[in-house]
Amino acid sequence: MMPGSRRSFLKMSAAASVAAALPGSAASLPDTPTPRKGRIHQSACRWCYKDTPLDQLCQWGVQIGLKGIDLLEINEFDVPRRYGLVCSMGYAGGGTIPDALNRLEHHADIEAAFRKNIPIAAKAGVPNVITFSGTRRGMSDEEGAKNTIIGLNRVKKIAEDNGVTICLELLNSKVNHPDYMADHTAWGVGVMQEVNSPNVKLLYDIYHMQIMEGDLIDTIRKNIAWLGHFHTGGVPGRHELDDTQEIQWPPVMRAIADAGFTGYVAHEFLPTRDPLTSLRQAVDLCDI
Numbered sequence: 462m463m464p465g466s467r468r469s470f471l472k473m474s475a476a477a478s479v480a481a482a483l484p485g486s487a488a489s490l491p492d493t494p495t496p497r498k499g500r501i502h503q504s505a506c507r508w509c510y511k512d513t514p515l516d517q518l519c520q521w522g523v524q525i526g527l528k529g530i531d532l533l534e535i536n537e538f539d540v541p542r543r544y545g546l547v548c549s550m551g552y553a554g555g556g557t558i559p560d561a562l563n564r565l566e567h568h569a570d571i572e573a574a575f576r577k578n579i580p581i582a583a584k585a586g587v588p589n590v591i592t593f594s595g596t597r598r599g600m601s602d603e604e605g606a607k608n609t610i611i612g613l614n615r616v617k618k619i620a621e622d623n624g625v626t627i628c629l630e631l632l633n634s635k636v637n638h639p640d641y642m643a644d645h646t647a648w649g650v651g652v653m654q655e656v657n658s659p660n661v662k663l664l665y666d667i668y669h670m671q672i673m674e675g676d677l678i679d680t681i682r683k684n685i686a687w688l689g690h691f692h693t694g695g696v697p698g699r700h701e702l703d704d705t706q707e708i709q710w711p712p713v714m715r716a717i718a719d720a721g722f723t724g725y726v727a728h729e730f731l732p733t734r735d736p737l738t739s740l741r742q743a744v745d746l747c748d749i
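Structure below.
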């Protein structure tokens, strides 16, 4: 997808094959909720199931052993709680993929949005809200890092005071988000170290970082103190976590759990088959 396209994807009809699979999905639900080992708290990203009503997605989640639903808008924050789940990551006005913290002119708007919306997230039990670096457009990584640090320092106390974590997402600039600045773990960790807040972390997207740098397990182990959230997705293609892609998910999940991570791992892949079956298979695979 091109920059800023997560939300626009929700308005597209490109996933017609997924919609066609929906009528048979309920038949594949277990009769009772599937018990999970609990070492990995799994979630699912809302935008990947755009043709499924949120309430239905939550019902699915309960039955297959999810703990949350990811990437919800403010007016959706309370929906997962009806089912004993959480909104594990919310939108709260943290900018967009192309326009965010690496430019000073966006800081005031992001701060104003966070002052308004992070308390709402806290009240709704949302542990994390998302933000981005923005794209380079000729800016050096050094200047972008400096600006991002300034921006995060402006808003970190809002997060600290409300017990919510601001997560800056790492994305690939090779396939999906050309020119995105936070496209390597080292850049993000450098920013986190300067901000140095328990409530400002990185969203380590495993799919994106496999494309950009690989070396997933060692990178996660060395930097776990700065990682607040994870996303999944099969490489290549951002589809199912199956034998058509290259990441070995159980070892990666064991590395996350063994490092003491207690947050959420949210599945962010686009199903090419029955969406519930694909999601349940991913949850099974990552239940180490």
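Residue numbers (this note's numbering): 462 to 749.
All C-beta atoms, glycine included, are put in the ideal place defined by N, C-alpha and C.
Could you pull out every residue in the same chain whose Cβ sits closer than 7 Å to the Cβ of residue i, ignoring the five residues on either side in sequence?
i: D719; result: none
i: M653; result: V661, K662, L663, W687
i: D640; result: T596, R597, R598, S634
i: G651; result: A606
i: A582; result: F538, G551, A553, V590, V625
i: P484; result: A caution first: P484 carries a pLDDT of 38, below 50, which makes its placement in the model too unreliable to give a value.
i: I619; result: F575, R576, I579
i: A482; result: Only weak support is given to the placement of A482: the predicted model assigns it a pLDDT of 37, under 50, and the value that follows is read from those uncertain coordinates. Excluding residues within five positions, the ones whose Cβ falls inside 7 Å are R734, D735, P736.
i: G586; result: R542, V547
i: M600; result: N563
i: Y510; result: L518, P736
i: V636; result: I672
So what does residue i bridge to, in DSSP terms?
i: G554; result: Paired residue(s): none; G554 is not in a bridge.
i: N589; result: T626
i: S504; result: G529, A727
i: F691; result: Y665, V726
i: C548; result: I530
i: T596; result: Y641
What distance in whole Å lies between the Cβ atoms of residue j and residue i, which are believed to be in contact at a cut-off of 8 Å?
i: L663; j: W687; result: 6 Å
i: R715; j: I749; result: 5 Å
i: T646; j: L632; result: That belief does not hold up - the Cβ atoms of T646 and L632 are roughly 12 Å apart, past 8 Å.
i: M642; j: N563; result: 5 Å
i: I610; j: E655; result: 5 Å
i: K528; j: V547; result: 7 Å
i: D531; j: A727; result: 4 Å
i: I449; j: I717; result: Summary: the structure shown does not reach residue 449, with the chain confined to residues 462 through 749, and so no result is reported for it.
i: Y668; j: T693; result: 6 Å
Sorted by chain position, which residues of the same chain lie with C-beta nearer than 8 Å to residue i's C-beta, five sequence neighbours on each side aside?
i: R543; result: D516, C519
i: Q706; result: G695, V696, P697, G698, H700
i: R497; result: Q503, G526, V744, D748
i: G545; result: V523
i: V713; result: I667, L677, I678, I681
i: H567; result: G556, D560, A561, G595, G612
Would you mind working out which of the options sits nearest residue i, comparing C-alpha positions?
i: R507; options: K498, G695, G522, T493; result: G522
i: V696; options: M714, I681, I672; result: I672
i: D704; options: I610, H567, A743, I685; result: A743
i: I708; options: K618, C747, H502, R497; result: C747
i: D666; options: N578, H638, V656, S658; result: H638
i: L565; options: N608, D679, V726; result: N608
i: G556; options: T723, G721, V547, A569; result: A569
i: N763; options: K511, G612, P659, E674; result: Examination of residue 763 is not possible in this model, given that the chain is present from 462 through 749 alone.
i: E603; options: K618, V636, W648, P580; result: W648
i: I678; options: W710, N657, G694, H692; result: W710
i: S549; options: T513, V540, P514, S504; result: S504
i: A561; options: D531, V540, F593; result: F593
i: I681; options: G721, N657, G694, Q706; result: G721
i: N657; options: H692, L613, H669, R741; result: L613
i: T723; options: D492, R741, G499; result: G499
Below 6 Å CB to CB, which residues in the same chain sit around residue i once its five sequence neighbours on both sides are set aside?
i: V616; result: E572, F575
i: C628; result: N589, I591, K662, L664, G689, H690
i: T495; result: I525, G526
i: K472; result: Here K472 scores only 39 on pLDDT, less than 50, and its place in the model is too uncertain to base an answer on.
i: E621; result: N660
i: S739; result: E701, P732
I want to see whether chain B comes within less than 7 Å of residue i, judged by CB atoms only; does it?
i: L527; result: Checking the listed chains, one finds no chain B in this structure; it contains a single protein chain.
- At a cut of 8 Å, does the region 535-542 reach the region 725-743 through at least three beta carbon pairs? Of all C-beta pairs linking the region 535-542 to the region 725-743, fewer than three are shorter than 8 Å, placing the two stretches out of contact.
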